[in-house]
Amino acid sequence: MGFFKKAKNGELPSLSKENLLMVRRVWKTYIIDKWKLLTISIILMLIGASFDALLVRQMKPIFDEVFIDKNRESLGVIGLVILVLYFIKGVTNYVQSLVMTKMSIRILTDMQMDVFKRVVRMDNAFFAKRTTGDILSHFTADVTIIKDAVLNSLTTLVKDSASVLFLVLLMFWQSFEMACIMFFVFPLGMAPVAYCGRKMRRKTKNMQEVYGLLYNVLSQTFQGIKIVKSYCTEDKEAEVLHASINRMNKISYSMARLSSLQSPLMEFFGGIAMAGTLAYGGYRILQGDMTPGNFMVFLLAIVAAYKPMKNIANLHLRMQMGIASMQRLFDMMDTPPAIHDAPDARELKINSADLDVKNITFSYDGEHQVLKNVSLTAKAGQTVAVVGHSGSGKSSLINLIPRFYDPQQGQILIDGQDIQSVTLESLRKQVAYVSQDVIIFDDTIKNNIRYGTPDATDEQVIAAAKAAAAHDFIMGTEKGYDTVLGERGGRLSGGQRQMISIARAMLKNAPILLLDEATSALDSKSERIVQDSLDTLMKGRTSIVIAHRLSTVINADRIYVFNDGEVVDSGTHEELLTHDGIYAQLYRLQFMKDKN
């Protein structure tokens, strides 16, 4: 649907209600609260616009009194008046530009913060369906295009429209007949401009989608640079990027062609109007009905009105570009998170931290079940291990406990409280999560450990690091706890990153602990060090442990064996060995492997 709907019976197109509502939403949300800056800017724009007509009006005495009557005294007076008018206009435009820039910065900041706050509150399924590049294009390109479209349109509607209005009044004042000729022909050029605008909206939306693909290619390449180098796929990635850039360039060229088409169309119809005006004006001067000064004022008013009239004609084009980005942005902003607080959600109250999983059935896509009628229990302070082949649903179960996803059937209870009946914040504050995919931020070691617990003192941070066996290696770094780790913790080994993650969980001091194959990516030496830290972390906590190496869960209070999304066995290590099932097979296989 275009910004203007096609009307019936050859009538002018009407403003689309849907698009008008989006523009109104941007106006109410991001602009109207800045009314002081807006008011100042509008007043200054109106003052600046009035000077265009005042300056043109000064041409009449120059031609009639100076050039025709040879009046020397008038030359100095008129020159001084023009100088003063230009000075005032320059100062007005300068201040107005500063005010508009300040408002522009605030609008952009507000929009980007709203996008960020919305995105970080979305559920995991949202991020699984969208690429990083697509999300980044919302945060950068879309909000910038919307801001520019709205503010440029505001400038056009106020300053350019006022300038045209003052100049048109001046034209009619000089010659009513010539003004009628001018404005009968010129509007004929608006029809092709409207057509170009509708096509521009579609191409702008396509361009933003390509931007998302481009950002994603760059993001994946830089994040996986070690894989790219190890598999010698630099040229392949360059080809993928080149294809995206070529597609973007084709759309850019097509948009430039549409945009460029408007100027010659407007100039053609403007030329027809100008030719008619010159012919009629020349006739009036020869007849003695008009002075050369009146004619030159009229002619210069046409020239002065050309640029603002062109801006008004391009308003439709700019708004189409803004509308395309508004549609993309608001489609994302209006997508409700699948995981949210219930209307009557209450705070989670922890007494002993008993965890009960009852008859859980779960599917990521609503069709293929990854968990089927799963039940397990972890009493307060117990360590419960979940083992099984890859793809058996272990990590999916872990993801349900902090409500990264919700199951289609069944319940998860903490101290008898259904986790879907409590607030997300109160639930997640009681759960610490350590996975094999360690997230380290480009910040100091101290702030990485303190992440999520901002009020922790330096002494508490150090105590957590010591408990995680991380203190010694931290003190060996360049600046100790103030050492900046770089993006994704690139300056640390895998074991060191994991110990930072464990220290972070130590500091959080949550009663429920989730360990998702926390040592699977480590070598044997690092695993022993990290496992000692994990044993310290698990003391006194209700712990759910997913283990790749069964030797790490031999002492678990209970072990649940998963196969194809179902619990097929449970018991202690010794009990499961006597059952001679999947667990016993996995254990013997790993035992023989370690022995060899």
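In numbering that gives the first Met the number 0, the protein residues as written are 0 to 595. Even glycine gets a Cβ: it sits at the ideal position worked out from N, Cα and C.
With DSSP as the reference, identify every bridge partner of residue i, one or two as the case may be.
i, result
"arginine 557", "Val383"
"aspartate 457", "Beta-bridge pairing links aspartate 457 to no other residue."
"serine 569", "Tyr559"
"phenylalanine 361", "Leu370"
"glutamine 408", "Thr360"
"serine 40", "In DSSP, serine 40 forms no bridge with anything."
"aspartate 353", "Note: aspartate 353 sits in no beta bridge, so no partner."
"isoleucine 106", "Answer by DSSP bridge pairing: none, since isoleucine 106 is not bridged."
"aspartate 417", "Leu412"
"serine 434", "Asp515"
"leucine 375", "Val356"
"arginine 120", "None; arginine 120 has no bridge partner."
"isoleucine 543", "Val383 and Leu513"
"threonine 443", "Val483"
"arginine 345", "Val421"
Quick one: Cα of residue i to Cα of residue j, how far?
i, j, result
"aspartate 442", "aspartate 568", "44 Å"
"serine 607", "isoleucine 134", "The question about residue 607 has no answer, for the chain in this structure spans 0 to 595."
"glutamine 381", "glutamine 459", "26 Å"
"valine 209", "alanine 242", "10 Å"
"proline 12", "isoleucine 41", "Here the model assigns proline 12 a pLDDT of 35, short of 50, so the residue's position is not dependable, and the following value carries that caveat. Cα to Cα, proline 12 sits roughly 28 Å from isoleucine 41."
"isoleucine 400", "aspartate 436", "18 Å"
"glycine 211", "alanine 274", "48 Å"
"leucine 260", "alanine 237", "34 Å"
"isoleucine 322", "tyrosine 582", "58 Å"
"leucine 347", "leucine 512", "16 Å"
"methionine 295", "isoleucine 30", "41 Å"
"leucine 585", "glutamine 111", "50 Å"
"valine 163", "leucine 169", "10 Å"
"aspartate 288", "phenylalanine 297", "14 Å"
"alanine 509", "valine 25", "41 Å"
"phenylalanine 183", "aspartate 159", "20 Å"
"arginine 490", "leucine 484", "6 Å"
"isoleucine 397", "serine 374", "13 Å"
"glycine 475", "phenylalanine 561", "42 Å"
"threonine 28", "aspartate 340", "25 Å"
"isoleucine 473", "valine 529", "15 Å"
"leucine 316", "asparagine 358", "57 Å"
"arginine 120", "leucine 426", "15 Å"
"serine 136", "tyrosine 404", "26 Å"
"leucine 150", "isoleucine 87", "24 Å"
"leucine 285", "tyrosine 305", "27 Å"
"aspartate 343", "threonine 422", "9 Å"
Is the CB of residue i under 8 Å away from at least one CB in chain D?
i, result
"asparagine 248", "No chain D appears in this structure, which consists of one protein chain only."
So, under 8 Å CB-CB, residue i and residue j are touching, yes? Tell me the CB distance rounded to an integer number of Å.
i, j, result
"serine 599", "leucine 370", "Past the boundaries of the shown model lies residue 599; the chain is included only from 0 to 595, so the question cannot be answered."
"tyrosine 559", "valine 552", "Not quite, the Cβ-Cβ distance comes to about 10 Å (not below 8 Å), so this is no contact."
"isoleucine 545", "arginine 503", "No, isoleucine 545 and arginine 503 are not in contact; Cβ-Cβ is about 19 Å, not under 8 Å."
"glycine 488", "isoleucine 543", "The Cβ separation is near 25 Å, so there is no contact."
"methionine 254", "lysine 202", "5 Å"
"asparagine 293", "lysine 116", "The pair is not a contact, with the Cβ atoms about 60 Å apart (cut-off 8 Å)."
"methionine 44", "alanine 161", "7 Å"
"isoleucine 144", "methionine 21", "Not quite, the Cβ-Cβ distance comes to about 13 Å (not below 8 Å), so this is no contact."
"glycine 132", "asparagine 215", "3 Å"
"glycine 564", "serine 391", "7 Å"
Which same chain residues, not among the five before or five after residue i, have their C-beta less than 6 Å away from its C-beta?
i, result
"methionine 102", "Lys33 and Leu36"
"alanine 303", "Asp51, Val55 and Leu166"
"isoleucine 46", "Thr91"
"serine 434", "Asp515"
"leucine 213", "Ser243"
"glutamate 526", "Thr518"
Apart from the five residues just before and just after residue i, which ones in its own chain have a Cβ nearer than 7 Å to its Cβ?
i, result
"serine 362", "Gln368, Val369 and Gln407"
"arginine 603", "In the structure as shown, the chain starts at 0 and stops at 595, and residue 603 therefore has no counterpart that could be examined."
"alanine 463", "Ile448, Ala502, Met505 and Leu506"
"lysine 393", "Val385, Gly387, Ile545 and Phe561"
Using C-beta distances below 8 Å, list every residue in its chain close to residue i, excluding the 5 sequence neighbours before and after it, in chain order.
i, result
"isoleucine 180", "Ala272, Gly275, Thr276 and Tyr279"
"isoleucine 461", "His470 and Tyr480"
"glutamine 429", "Leu347, Ile349, Ala352, Ile413, Ala509, Pro510 and Ile511"
"asparagine 205", "Ile250"
Does the count of Cβ pairs from the segment 115–127 and the segment 97–104 closer than 8 Å reach three?
-> Fewer than three Cβ pairs drawn from the segment 115–127 and the segment 97–104 lie within less than 8 Å of each other, which leaves the two stretches out of contact.
Three or more C-beta pairs below 8 Å linking the segment 498–512 and the segment 468–487 | Touching, yes, given that three or more Cβ pairs across the two stretches are closer than 8 Å.
Is the segment 340–353 close to the segment 410–417, with three or more CB pairs under 8 Å?
-> Yes, the segment 340–353 is in contact with the segment 410–417.
Is the number of C-beta pairs between the segment 324–331 and the segment 78–89 that are closer than 8 Å three or more?
-> By the Cβ rule, the segment 324–331 does not count as touching the segment 78–89, because fewer than three pairs are nearer than 8 Å.
Give a yes or no on contact between the segment 270–290 and the segment 168–177, applying the rule of three or more CB pairs nearer than 8 Å.
-> Contact holds: three or more Cβ-Cβ distances are below 8 Å.
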